[in-house]
Structure formats: structure tokens, C-alpha cells
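Participant: Have a look at the structure that comes next, please.
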Amino acid sequence: MRKISLFIALTALLSFNMNAQTWQSIPKSVYHWMQPRKLMINPYLNELWFIDDMRVAVIKNDGTVHSFDETDGVFGNSFFVDNSISFAFTPDHIYFSERVHGLYTFDNYSKNLVYQHPDVRSISSNKDTVY
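My numbering puts the first residue of the sequence shown at 1065, with every later residue one more than the last.
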């Protein structure tokens, strides 16, 4: 009887500390215009990143959508022409590369040049390192 009481007490105690992920339902009207060529997941912020021929879009964990296209001036139009953009994610930063220009951070949706080189073609990350 003592073992059963201990088991019930531990189960109750552990169930109060558990966190479950909630799922977001996003209506099609929010993303109907997306026809992504690339889909990336930012595992640190639980965001979905899409790249199609005309824009980059991110669906945040709360369901809000941010879209960037040629008119925003964020990415310019070079990558829309030759599809030369690539994203990588670390716990602290969002990075993207453009083949013609180099490597940028994209924190708070603002780009900052990190490394300028015309042959940065694709990038990947492993924890806090970008390759």
C-alpha cells in the first residue's frame, strides 16, 4: 500500500511540472499565396520559414505571418531572380546568405552584413555555429 501511495504522489507531483506543446491552427487565408520552394524550421523559436519565387515568409509560433518581398528592400531582388538565398538558425541568431553579397544576420527582421564574399552559396548550422 505504501508503494502505491508513493507512486500516486510522485505521478501527481510530476504532472504539475509537465509542459506540453500546443498546436496552432492557421487558416488557409493566411498562407494561401505561399507556394514555397524551400521550407525551413527554426527549432529555437518554433517558426516556419518559407521561400518562394517572389517572397520570404515566416509563420511565428503564435500564428502571425511576416512576409518580405522585392518591394520591402530587405533582401533586394537578386535572390528572387536566381533563387540564391539560404537560411540557418542558431539559439541566438537567424542567418541568411545571398550568393552575390555574403552572409547576414537577420535578427528582429533587420539584416546586418557579417561576412562579405561573392561565393557564399548555402549555409547550415549546428547548435551555435554556422557553416
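Note that beta-carbon positions come from the ideal geometry of N, C-alpha and C, so glycine has one too.
1. How is residue 1128 classed by DSSP in three states: helix, strand or coil?
2. Looking at the strands, I want to know which residues DSSP matches up with residue 1166.
3. Would you say residue 1184 and residue 1166 are within 8 Å of each other, going by their C-beta atoms?
4. Where DSSP assigns a beta bridge to residue 1139, which residues make up the other side?
5. When DSSP labels each residue in this structure, what does residue 1066 get in the three-state scheme?
6. Under the three-state reduction of DSSP, which class applies to residue 1171: helix, strand or coil?
7. I need the straight-line Cα distance from residue 1180 to residue 1114, nearest angstrom please.
8. Hey, quick one: how far does the beta strand (DSSP E) through residue 1149 stretch, first residue to last?
9. Quick test of your reading: residue 1126 and residue 1101, contact by CB under 8 Å. State the CB separation rounded to the nearest angstrom.
10. Taking just the CA atoms, how far does residue 1072 sit from residue 1153?
11. For the beta strand (DSSP E) containing residue 1191, name the first residue and the last one.
Facilitator: Put simply:
1. Counting from one through the sequence shown, the residue named residue 1128 turns up at place 64. DSSP places residue 1128 outside both helix and strand once states are collapsed to three, so it counts as coil.
2. Locating residue 1166 in the sequence shown gives position 102, counting from the first residue. BP columns for residue 1166 point to 1162 and 1180.
3. By 1-based counting over the sequence shown, the position of residue 1184 is 120. By 1-based counting over the sequence shown, the position of residue 1166 is 102. Yes, they are a contact pair.
4. Taking the first residue of the sequence shown as position 1, residue 1139 is located at position 75. Residue pairing for residue 1139: DSSP places it in no beta bridge.
5. Within the sequence shown, the letter at position 2 stands for residue 1066. Taken through DSSP and simplified to helix, strand or coil, residue 1066 comes out as helix.
6. Within the sequence shown, residue 1171 is the residue found at index 107, counting from 1. Three-state result, residue 1171: helix.
7. By one-based count along the sequence shown, residue 1180 stands at place 116. By one-based count along the sequence shown, residue 1114 stands at place 50. If I take the Cα positions, the gap works out to 24 Å.
8. Here residue 1149 is taken as the residue at index 85 of the sequence shown, counted from 1. For residue 1149, the enclosing beta strand (DSSP E) covers residues 1149-1153.
9. To locate residue 1126, count along the sequence shown from 1; it is residue 62. To locate residue 1101, count along the sequence shown from 1; it is residue 37. Not confirmed; about 25 Å, so no contact.
10. Residue 1153 sits at position 89 when you count from the first residue of the sequence shown. Residue 1072 sits at position 8 when you count from the first residue of the sequence shown. Roughly 42 Å separates the two Cα atoms.
11. As a working mapping, residue 1191 is identified with position 127 in the sequence shown. Per DSSP, residue 1191 belongs to no beta strand (DSSP E) and is neither H nor E.
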